[in-house]
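Undergrad:
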Amino acid sequence: MQSHNILLFLFYQKREFMSLKTYLSWYNYILPTFVGAILNLSGHGSFFYAYLPYVVPFMVQNFTKGLGHYRHRYRDKLLKFHEKRKDPVFMMDQDGKVISSVGFTHDFLKNHHIHNLKDLLGNKADFEKLYSDGDGREHEIYFEPTKQWYSISINKENPQECFVWLRNISLQKQREEGLAKIIEFHSNITTFIRDETDASDILKNLSKMILSLGYQGLFMIQKLADGRYSGRAYRRNEYSKLIISSEIILQSDANLPIFKSRTYGDIIWANRQDYPSVAAFEKDFPFDSRVKKFFKNPIENVIDYHSGDISIISFNKQGRIGKGDELIIKALLGSVNSLAKMIEKNQDNEHLFFASISGLCAAAEYSDEVTGQHVWRVNAYSRLLAHKLGLEMSMVKIIGKVAALHDIGKVAIPHLIKTDAVYNDNQRKEMQMHTIYGAGIIDKMIKQLDKKHRALDISRDIALHHHQYWNGEGYPALKNKQGIIEDASAQNIKHYQNLKPLAGEEIPIAALIVGLADSYDALRSKRQYKPAFSHKKTVEILTLDDRTGVSGLDRFGPVIWSAFLKCHEKFDKIFTSLYG
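Per numbering that gives the first Met the number 0, the sequence shown starts with residue 0, numbered consecutively.
(1) Give the C-beta separation of ASN226 and LEU249 to the nearest angstrom, bearing in mind that I take them to be a contact with Cβ-Cβ under 8 Å.
(2) Quick check: what's the CA-CA separation for LEU390 versus ILE457?
(3) Helix, strand or coil for GLU281 per DSSP?
(4) Just to check my reading of the structure: GLN447 and ALA510 have Cβ atoms closer than 8 Å, yes? What is that Cβ distance to the nearest angstrom?
(5) Applying the 10 Å Cβ sphere with the 16-neighbour rule, what's the burial state of LYS117?
(6) Quick test of the definition: if touching needs 3 or more C-beta pairs under 8 Å, does the region 317–327 touch the region 234–251?
(7) For the alpha helix (DSSP H) containing MET91, name the first residue and the last one.
(8) Beta carbon of MET444: closer than 7 Å to some heavy atom of the ligand FAD?
(9) Using the C-alpha atoms, what's the distance from ASN479 back to LYS499?
(10) Leaving out five residues before and five after TYR22 in sequence, what residues of the same chain have Cβ atoms less than 7 Å from its Cβ?
(11) Do you know whose CA, among ASP460, ASN115, GLU281, lies nearest ASP94's CA?
(12) On a Cα-Cα basis, can you pick out the residue from LEU129, GLU127, LEU326, ILE412 that is closest to ILE302?
(13) I need the straight-line Cα distance from PRO256 to LYS109, nearest angstrom please.
(14) Answer yes or no: do ILE461 and HIS405 have a C-beta to C-beta separation smaller than 8 Å?
(15) Closest to PRO285 by C-alpha separation, out of PRO413, LEU170, LYS329, ILE298, would be which residue?
(16) Which residue marks the beginning of the beta strand (DSSP E) containing SER244, and which one marks its end?
(17) Is there contact between the region 480–488 and the region 422–433, where contact requires at least three CB pairs shorter than 8 Å?
(18) Chain C beta carbons: is any one of them nearer than 8 Å to that of ILE483?
(19) Ignore the nearest five residues each way along the sequence and tell me which others in ARG235's own chain have a CB closer than 7 Å to its CB.
(20) I need the straight-line Cα distance from LYS443 to MET432, nearest angstrom please.
(21) Would you say TYR214 and LYS316 are within 8 Å of each other, going by their C-beta atoms?
(22) Using CA atoms only, rank isn't needed, just tell me which of PHE89, VAL410, ILE435 is closest to LYS493.
(23) Under DSSP, the beta strand (DSSP E) around ALA385 begins and ends at which residues?
(24) To the nearest angstrom, how far is it from the Cα of SER576 to the Cα of TYR228?
(25) Would you report the Cα separation of LEU515 and ASN491, rounded to the nearest angstrom?
(26) Tell me, please, which residues DSSP counts as bridged to LEU326.
(27) The beta strand (DSSP E) spanning TYR149 covers which residue range?
(28) Are there 16 or more other CB atoms within 10 angstroms of the CB of SER554, so buried, or fewer, so exposed?
(29) Under the DSSP definition of a beta bridge, which residues are partnered with LEU543?
(30) Is the separation between the beta-carbon of MET208 and that of VAL163 shorter than 8 Å?
(31) What's the call for ALA489, buried or exposed, on a 16-neighbour Cβ count within 10 Å?
(32) Thinking SER606 and GLU176 are a contact (beta carbons under 8 Å), I'd like their distance in whole angstroms, please.
(33) Identify which residue in ILE407, GLN426, ILE311 has its Cα closest to the Cα of HIS414.
(34) How should GLY128 be labelled, buried or exposed, when 16 other C-beta atoms within 10 angstroms of its C-beta is the threshold for buried?
(35) What is the rounded straight-line gap between the Cα of ILE247 and the Cα of SER288?
(36) Could you tell me if ASN378 is buried or exposed, where buried requires 16 or more neighbouring beta carbons within 10 angstroms of its beta carbon?
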């Protein structure tokens, strides 16, 4: 150990003697040596009469410096750290001018023509704020030439000299952005479920999020029942519009990158620049020709991940693909799989619910004087009209499924439904009670659930109010003299004799929609008291009923009536296609 230290000390001694800096420091001895030489010459006739007095101080100084290097050898190495680190560190003056830089920082500043901190920030105001904050407070900047994010801080040594520290935080920003996308996706789960979003809609939303993370495109597939895989490719055009390919069917044994994650683990990723050649990269990742044709640009990097029956491969991320991308893709696709299972379960429940609704509708149709497809046509008309009105898609879907329940209350008065005679006054009033009975039936269903159910709430509105008129006529009468709308729980006809019908916006929009659909189909259908009318004649009667003098505007209001006039030809097509 002793000999090792001596050798190390001698090494630093040799370095002092051989270093250019040591030679440059000889100016400290030039003047005394010159003076001594003149004195020697004048006193002894020779420049070198007394040489040692001038050599010894030189040797002593270098011996001392060598000893200092030896004692502080590790500190000297540590001081060279900033020359090698990739995050730039330099000194500047109070005006932002770079006054000192070494190593990687020097090359970085030179390559990007940065002579002043303002060249890096690109804004004088940003420099002034950063300089005024000082004392290590960090600011985030994006440097376009490198496509990187940096955290930058200034430490003021004195008013004229400042240390500037840059820390590359691009990976951190990428993870933060990915986390934000995951949170955004999770926040939409309730909306996806409420709107009965199907798998294609979920994957479309997922593709948008992945593309927003800096990928040029992606390819997603799902396993089919026959063992094959169905997929679509996604990319954005020059106007940032999402472009989706036609369906691409793959065989399960295909030697394609999309299946690599299923062979070598749940996720793999690669960057072309890590391969010795383009050919080597393409041999490892032989993309389907249809996918390559859709993306057009050469594939520079890929990340391939699968979860359950869904596989996804993303292409050409800006920069390199790394571990951070893996975590984000895993989290997003894991969320998609969980969401897909939740929606599948929710849709199973909804299908069961609407199957029950269909049974009730069939019962209502069986008891009605109308045979055939009346209630299903009303569903179709109502869906069309709700869509034309621009209602939210979940509302459109519900109305299109529960409109058929509008006359469910008629099951309570079969003796009136089957009669061929014209109703007398009492029978007519009892017939109008089918709206109250219908609401009562649905109230019992809601009570059994013991919680709010949107489809049942809309069904109740339709059953109770589909014969209300915009102008305040129609039935049932529900509003008392104080203008308060009662709850329609009474089953006695006399209870409603001193009440008034609803009017205008008091009537739920779903009930007005179904009221128009029901009226249209009733006019088109043959009844015991009337013939079937043509589409043209039906529209004329709805526009202005010559029997009552009531117009379509009076009955349904300006918004719904206007929407009907824009799409009534499609009503005729629905009637023709579902007649019988």
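Glycine is no exception: its CB is placed at the ideal position from the N, C-alpha and C atoms.
TA: In short:
(1) Residue identity check: residue 226 is Gly in the sequence provided, not Asn. About 11 Å separates the two Cβ atoms, so there is no contact after all.
(2) 14 Å
(3) helix
(4) With a Cβ gap of about 23 Å, GLN447 and ALA510 do not count as contacting.
(5) buried
(6) no
(7) Here MET91 belongs to no alpha helix (DSSP H); instead the beta strand (DSSP E) covers 88–91.
(8) This structure lacks the ligand FAD; in fact it carries no ligand of any kind.
(9) 6 Å
(10) Residue placement at TYR22 is flagged as unreliable, the pLDDT there being 42, under the threshold of 50; the coordinate-derived value follows with that caveat. Counting only Cβ-Cβ distances below 7 Å, and skipping sequence neighbours, we find nothing.
(11) ASN115
(12) LEU326
(13) 41 Å
(14) yes
(15) ILE298
(16) Here SER244 belongs to no beta strand (DSSP E), and DSSP marks it neither H nor E.
(17) no
(18) As a matter of chain content, chain C is missing from the structure shown, which is built from one protein chain.
(19) LEU210, LEU241, ILE242
(20) 17 Å
(21) yes
(22) ILE435
(23) That residue, ALA385, is in no beta strand (DSSP E); its alpha helix (DSSP H) goes 373–387.
(24) 35 Å
(25) 28 Å
(26) LEU326 pairs with nothing; no bridge assigned.
(27) 147–157
(28) It is worth fixing the name first, because residue 554 is Arg in this sequence and not Ser. Classification of ARG554: buried, given that the 10 Å Cβ count is 16 or more.
(29) SER550
(30) no
(31) exposed
(32) Shown here, the chain extends from 0 to 579; a query on residue 606 therefore has no answer.
(33) GLN426
(34) Here residue 128 is Lys; the residue named in the question, Gly, does not match the sequence. Exposed is the call here.
(35) 11 Å
(36) buried
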